[in-house]
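Q:
There are 4 protein chains.
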Amino acid sequence: MNKAILIIQCPDQKGIVAEVSRFLYSYEGNILEVDQHVDEEMGRFFMRAAWELDSFSLKKEEIAARFEQEVGKRFKMEFTLHFNFPKPRMAIFVSKLSHCLFDILGRYHAGQLEVDIPLVISNHPDLKTIVEAFGIPFHFIPIHPESKISAEANQLELMKSHKIDFVVLARYMQILSGEFIRHFPNRIINIHHSFLPAFVGAKPYHAAYERGVKIIGATAHYVTEELDAGPIIEQEVARVRHHNTVNELVQIGQDVEKMVLSKAIKYHIDRKVLAFRNKTVIFY
Amino acid sequence: MNKAILIIQCPDQKGIVAEVSRFLYSYEGNILEVDQHVDEEMGRFFMRAAWELDSFSLKKEEIAARFEQEVGKRFKMEFTLHFNFPKPRMAIFVSKLSHCLFDILGRYHAGQLEVDIPLVISNHPDLKTIVEAFGIPFHFIPIHPESKISAEANQLELMKSHKIDFVVLARYMQILSGEFIRHFPNRIINIHHSFLPAFVGAKPYHAAYERGVKIIGATAHYVTEELDAGPIIEQEVARVRHHNTVNELVQIGQDVEKMVLSKAIKYHIDRKVLAFRNKTVIFY
Amino acid sequence: MNKAILIIQCPDQKGIVAEVSRFLYSYEGNILEVDQHVDEEMGRFFMRAAWELDSFSLKKEEIAARFEQEVGKRFKMEFTLHFNFPKPRMAIFVSKLSHCLFDILGRYHAGQLEVDIPLVISNHPDLKTIVEAFGIPFHFIPIHPESKISAEANQLELMKSHKIDFVVLARYMQILSGEFIRHFPNRIINIHHSFLPAFVGAKPYHAAYERGVKIIGATAHYVTEELDAGPIIEQEVARVRHHNTVNELVQIGQDVEKMVLSKAIKYHIDRKVLAFRNKTVIFY
Amino acid sequence: MNKAILIIQCPDQKGIVAEVSRFLYSYEGNILEVDQHVDEEMGRFFMRAAWELDSFSLKKEEIAARFEQEVGKRFKMEFTLHFNFPKPRMAIFVSKLSHCLFDILGRYHAGQLEVDIPLVISNHPDLKTIVEAFGIPFHFIPIHPESKISAEANQLELMKSHKIDFVVLARYMQILSGEFIRHFPNRIINIHHSFLPAFVGAKPYHAAYERGVKIIGATAHYVTEELDAGPIIEQEVARVRHHNTVNELVQIGQDVEKMVLSKAIKYHIDRKVLAFRNKTVIFY
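Protein chains in written order, with the numbering used here: chain A, 1 to 284; chain B, 285 to 568; chain C, 569 to 852; chain D, 853 to 1136.
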């Protein structure tokens, strides 16, 4: 089914739901999903509406302008309009650890992700064969301290030429530059291997082991220039016990990581994530 | 904050959200929460809207009639209108097992449940002292096979004289008659001590033990005349292991039971549960 | 590290732990793990002990006989002795659904499973390319009603020629014959896509949808001749909501299925599962 | 059933399990449970063994000395010996928040905790009536900056006169002095209302709200002189969403707190917790 999705943020005030739904109804829109949230503390309104496109009486190209004119302007809305076709284009960055990558590829292969994956980029060649068996081009771009800038220019060029909409860091072990990040605001999803804000930084499983926690976790978040501090999209945890070695924590944690990252990707593709400041609203 | 809550069901069609939100806006309603759901298979629309009452320009008493006339009639809506004040009035039925009762009383004492509890009814006298320490009248109504009919008449009389809105069976070990149930359609909440539909009927923990399951559960549901078959409101589970005896399953299960029942009560009080046929829509 | 694992069952009586640990100590065994369980109801004792092999003063080949003579006979023990090298040999049977298979292959690729996978057998050719990219031979053995017997003979021949220790049914959509099953008692692991014993049989997600449950699950169990009734190894669940379609239940459920099956495989490989009648003892 | 429980720690070496089980067997001990753990990194061995006391051929009073002589000395063991009768004596400290206290009292009332509760101490009088309805003496000991020292002396005197074995801080909002803590090493259980080490210190739910986490938690730990840094006994979490206010986080969190604290108390009573440095081994 062809559908349109409208994502809205604005200062809270009366009548927004009424006006948005009136707009959609006035052009024969059959609403499929509507969700709204008011952040009382910030006085901010968030809304997501999805409707059938085929029976809608406005042309795809006209919707945004008409909405701005009839509704958006009046409520000072920041809004984006999305369609489920053509599919969004996702790039995956990976290093050597394969668990998150394979989980994404498995879902993609099974038709669970409404996304195109034009390429996988890695700073190691190890995963090339399997990625290509899934029918996806694999780009090996090694990163050395002296070549980091040109490597990133190369990556950005690939993003551009493949019209990439958003980037997934599937345990990519390199830190992206501020410049790269600014090209994709709230459009780079990273998986951090701890239950943030516990164990920020490197070697979180070792830190968890040292502290003797009974539960470990993982966090998918949008990448911002401040490390491990971007808006959290999804988190999940797993129970561990005294007999688990650091190595076992790593393995248990990898299961959590892959599930959390894939869930965050799904929310992002379905346009269910609204970010504001360092928080997210998720309409699932 | 005084608020009104509108609960709607009707055949699905275009324009419902627009019309409901237009209605609320036209009388200065500040929408606090709005949720909708379409059951595609049944072609049925469900909606819940909550708004501030103080700034609303219709009088409390006028809202239902005006809504029926302006919106409800046109869409063939079944709707109910609720206010968070006065609080709904809840009766608790209990036997000897105290875990669910105490959990409810604890939340009530802490001010977590927006409800009045005019009475607790039990077929055993054991819990009287503690119930009364929470400031709630306790009625001991013994049930014997020969006196069952008069006991239930007595119970129904108490329901009526205390203007009870809904009933909670907190591990009440008696089966209510069809007549009693028909007085409270989708307004009697029971806790079943298994993950329904697994282990329907008596002694579910023994059955779970025999089958060697690794997870047990509990189910809160509305009571219908068919045993253990009413619309499910909430379920939760807990992990068990081979070394757990039946007795330990019972204890682990009781923790699940009390949490599930209290959650279901909270959803019901907040008017977040919409039942249709043998299912529920829960807008949490 | 080379290690030996002893798995014991016998009628319960005093002194078993003392005798087993004395035996190991008397040959310089450094115990790594020891777990025991008494099923009071059945009067049955279960034990698992793992120790370092390199410093053990008995030869690998002598251990079983010596243990039988010194300890086993006296307590009427049924015991099996295992070594972590050479690795057990696992065959995977799959149809078209790939999620469980890919999850296993991913773990295998990452070195998380101490197992050899000499072959994958499928009644459909679809997954051949990817299986082979993981370096594992893929056998396409179509199953038609008229050829079922010869196909199974073919499968059994492959099991034999590849010295297969145990079989994993990774959503294999064919029912194995009693004869096949009798070749691998408690050595065929199946994943059933429901929280058994709820929703036995076909189309459990449809049944779960119809019943309106709030939680779905999956069950890994050893295959016995009675369908869906074998000893349960592992179960897990996921929360679902009223807005989830049957299709979404399937997707959510597949995540649970793959995690549960992989966990059960890991327990089996690590010799942590002891089955007796229709139950399991799991020393994790 | 009368049982004895032996809790052992010592440097790791061969033969410990054999010697301990031989000791128990030599005096006709019927082992009910035996668990052991080796912390490879610290080279430390932990063990817990429980056996039937009635058929044991050593007198209760002789066991410890005989064990020290025959086994303990040789392996440089630190060990403690416990009996399930008489029951351990637990004091509860509470302030105004009642959820943890009521959860404990409910379990106590239901006979789930093998413990005596000689008194509840509070710095507020609010919960007196209900505590007394459970048949437990309530001591109101107000705490003011100027009277803190004498109040604590009073508390310690009560601990002594009631022969208190261990103390539970059920959301007690006062910080105990180092002196008090030194009277009860690893015998004061506190519940911290966050998933430690995330959100150490005051107002963790506010901090969680600010950070926009998707999961909150609670941590039961032994109290040490360093705040929120003692050995963790148990942790649990709950999922939260963007629409949850700080107040709702508090309520959701309180459910987690009470379950975690009660679980930790149960482990402690059953002598299943072994603490070493800032970690715990839990044999559940």
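For every residue, glycine included, the Cβ atom is placed at its ideal position computed from N, Cα and C. It should be emphasised that the depicted structure is a prediction, and the values quoted were computed from it without experimental measurement.
1. Does DSSP put C:Leu-592 in a helix, a strand or coil?
2. List, in order along the chain, the chain D residues whose C-beta lies closer than 7 Å to that of A:Ile-5?
3. Could you tell me the distance, in whole angstroms, from the CA atom of C:Ile-801 to the CA atom of C:Thr-787?
4. What does DSSP give as the partner residues of A:Cys-100 in its beta bridges?
5. Are the C-beta atoms of D:Glu-1109 and some chain A residue less than 8 Å apart?
6. Taking C:Ile-698 as the query, report the chain A residues whose CB atoms sit under 8 Å from its CB, ordered along the chain.
7. Please check if any C-beta of chain C sits within less than 8 Å of the C-beta of B:Lys-563.
8. With burial defined as no fewer than 16 other Cβ atoms inside 10 Å of the residue's Cβ, what is the status of A:Asp-255: buried or exposed?
9. Just to confirm the assignment: which complete alpha helix (DSSP H) runs, minimum length 4, are found wholly within the stretch 359 to 420 of chain B?
10. Once you ignore the five residues that flank C:Met-645 on each side, which residues in its own chain have a CB closer than 6 Å to its CB?
11. Can you tell me whether D:Ile-982 is buried or exposed? The criterion is at least 16 other CB atoms within 10 Å of its CB, across all chains shown.
12. Could you check if C:Gly-640 is buried or exposed, using at least 16 other CB atoms within 10 Å of its CB as the buried criterion?
13. Using a Cβ-Cβ distance under 8 Å, would B:Gly-514 count as near chain A?
14. Can you tell me which residues form a DSSP beta bridge with D:Glu-900?
15. D:Gln-1103 CB to nearest chain C CB: under 8 Å?
16. Along chain A, which residues have their Cβ under 9 Å away from the Cβ of D:Phe-1047?
17. Can you check the stretch 447 to 519 of chain B for any alpha helix (DSSP H) of at least 4 residues that lies completely inside it and give the ranges in chain order?
18. Residues of chain A with CB closer than 9 Å to the CB of D:Ile-1134, please, in chain order.
19. Could you give the first and the last residue of the continuous beta strand (DSSP E) run that contains A:His-242?
20. Are the CB atoms of B:Gly-501 and B:Phe-479 nearer to each other than 8 Å?
21. Could you list which residues in chain C have their beta carbon closer than 7 Å to that of B:Glu-463, in chain order?
22. Please list, in chain order, the chain B residues whose beta carbon lies closer than 8 Å to that of D:Gly-958.
23. Would you decide whether D:Gly-881 is buried or exposed? Buried here means 16 or more other CB atoms lie within 10 Å of its CB.
24. Any beta carbon of chain C sitting closer than 8 Å to that of A:His-13?
25. DSSP beta-bridge partners for A:Lys-279?
26. If we ignore side chains and look at the alpha-carbon of each, how far apart do A:Leu-156 and A:Ala-170 end up?
27. Of the residues that make up the stretch 311 to 327 of chain B, which ones have a beta carbon closer than 9 Å to any beta carbon in chain D?
28. Under 8 Å, with one C-beta from each stretch per pair, do the stretch 759 to 775 of chain C and the stretch 812 to 832 of chain C reach the 3-pair mark?
29. Applying the 10 Å Cβ sphere with the 16-neighbour rule, what's the burial state of A:His-144?
30. Tell me whether the stretch 100 to 112 of chain A and the stretch 132 to 139 of chain A touch, counting them as touching only if at least three CB pairs, one residue from each stretch, are closer than 8 Å.
31. Let me know if A:Lys-286 comes out buried or exposed under the rule of 16 or more other beta-carbons within 10 Å of its beta-carbon.
32. Given C:Cys-668, which residues of its chain have a CB within under 7 Å of its CB, disregarding the five upstream and five downstream residues?
33. Which of the three DSSP states, helix, strand or coil, is assigned to D:His-996?
34. Which residues in chain B have a C-beta closer than 7 Å to the C-beta of A:Arg-22? List them in chain order.
35. Can you list, in chain order, the residues of its chain with a C-beta nearer than 7 Å to that of B:Glu-354? Leave out the 5 residues immediately preceding and following it.
36. Which partner residues of D:Val-1108 appear in the DSSP bridge assignment?
A: Judging by the given coordinates:
1. Here residue 592 of chain C is taken as the residue at index 24 of the third sequence, counted from 1. In the structure shown, C:Leu-592 sits in a helix (DSSP, three-state: H, G or I).
2. Counted from its first residue, the first sequence places residue 5 of chain A at position 5. Per Cβ cutoff of 7 Å: no residues; A:Ile-5 is ~18 Å from chain D at best.
3. Reading the third sequence from its first residue, position 233 is the one you call residue 801 of chain C. Reading the third sequence from its first residue, position 219 is the one you call residue 787 of chain C. Rounded to whole angstroms, C:Ile-801 to C:Thr-787 spans 8 Å at the Cα level.
4. Within the first sequence, numbered from 1, the residue matching residue 100 of chain A stands at position 100. Bridge partners of A:Cys-100: none, in fact.
5. Indexing the fourth sequence from 1 puts residue 1109 of chain D at position 257. Chain A, which has no Cβ nearer than 8 Å to the Cβ of D:Glu-1109, makes this no.
6. One-based indexing of the third sequence puts residue 698 of chain C at position 130. Near C:Ile-698 (Cβ distances below 8 Å), the residues of chain A are His-109, Ile-130, Ala-133, Phe-134.
7. Within the second sequence, the letter at position 279 stands for residue 563 of chain B. With 8 Å as the cut-off, B:Lys-563 counts as an interface residue toward chain C.
8. Indexing the first sequence from 1 puts residue 255 of chain A at position 255. Its Cβ being crowded by 16 or more others within 10 Å, A:Asp-255 is buried.
9. 383 to 393, 412 to 417
10. Counting from 1 along the third sequence, the entry for residue 645 of chain C is found at position 77. Within the same chain, C:Met-645 has close Cβ partners Ile-576, Cys-578.
11. Here residue 982 of chain D corresponds to residue number 130 of the fourth sequence, with the count starting at 1. With 16 or more Cβ atoms within 10 Å of its Cβ, D:Ile-982 is classed as buried.
12. In the third sequence, residue 640 of chain C corresponds to position 72, counting from 1. It is buried - the Cβ of C:Gly-640 has at least 16 other Cβ atoms within 10 Å.
13. For the purposes of this step, residue 514 of chain B is taken as residue 230 along the second sequence, with counting starting at 1. With 8 Å as the cut-off, B:Gly-514 does not count as an interface residue toward chain A.
14. Counting from 1 along the fourth sequence, the entry for residue 900 of chain D is found at position 48. Checking the displayed sequence, the identity of residue 900 of chain D turns out to be Arg instead of Glu. DSSP output for D:Arg-900 lists D:Ile-859, D:Asp-887 as bridge partner(s).
15. Here the question's residue 1103 of chain D lines up with position 251 in the fourth sequence. No, no contact with chain C.
16. For the purposes of this step, residue 1047 of chain D is taken as residue 195 along the fourth sequence, with counting starting at 1. Chain A residues near D:Phe-1047: Phe-195, Ala-198, Val-213, Ile-215, Gly-217, Val-237.
17. 462 to 467, 488 to 495
18. Taking the fourth sequence and counting its residues from 1, one reaches residue 1134 of chain D at position 282. The answer, in chain order, is Lys-214, Arg-241, His-242.
19. Here residue 242 of chain A refers to the residue found at position 242 of the first sequence. No beta strand (DSSP E) contains A:His-242, which DSSP labels as neither H nor E.
20. Walking along the second sequence from the start, residue 501 of chain B turns up at place 217. Walking along the second sequence from the start, residue 479 of chain B turns up at place 195. Their beta carbons are under 8 Å apart, which means B:Gly-501 touches B:Phe-479 by this criterion.
21. In the second sequence, counting from the first residue as 1, residue 463 of chain B sits at position 179. The premise fails here: B:Glu-463 is roughly 26 Å from chain C at the closest Cβ pair, so nothing lies under 7 Å.
22. As a position in the fourth sequence, residue 958 of chain D is number 106, starting the count at 1. Within chain B, the residues near D:Gly-958 are Ser-382, His-383, Phe-386, Asp-387, Gly-390.
23. Walking along the fourth sequence from the start, residue 881 of chain D turns up at place 29. It is buried - the Cβ of D:Gly-881 has at least 16 other Cβ atoms within 10 Å.
24. Position 13 of the first sequence, counting from 1, holds the residue named residue 13 of chain A. It should be noted that the sequence gives Gln, not His, for residue 13 of chain A. Closer than 8 Å: no.
25. Indexing the first sequence from 1 puts residue 279 of chain A at position 279. For A:Lys-279, which the question treats as bridged, DSSP gives the partners A:Phe-276.
26. Against the first sequence, residue 156 of chain A aligns to sequence position 156. Against the first sequence, residue 170 of chain A aligns to sequence position 170. Distance from the CA of A:Leu-156 to the CA of A:Ala-170, rounded to the nearest whole angstrom, comes to 17 Å.
27. Listed by position, the residues of the stretch 311 to 327 of chain B near chain D (Cβ gap below 9 Å) are Glu-317.
28. yes
29. The residue you call residue 144 of chain A lines up with position 144 of the first sequence. Classification for A:His-144: exposed.
30. yes
31. Past the edges of chain A, shown from 1 to 284, lies residue 286 of chain A, and the structure says nothing about it.
32. Against the third sequence, residue 668 of chain C aligns to sequence position 100. Here the set comprises Ala-738, Arg-739, Ile-759, Glu-825, Lys-826, Leu-829.
33. Within the fourth sequence, residue 996 of chain D is the residue found at index 144, counting from 1. Correct three-state label for D:His-996: coil.
34. As a working mapping, residue 22 of chain A is identified with position 22 in the first sequence. Within chain B, the residues near A:Arg-22 are Ala-302, Arg-306.
35. Looking up residue 354 of chain B in the second sequence gives position 70. The residues are Phe-307.
36. Working through the fourth sequence from its first residue, we reach residue 1108 of chain D at position 256. D:Val-1108 pairs with nothing; no bridge assigned.
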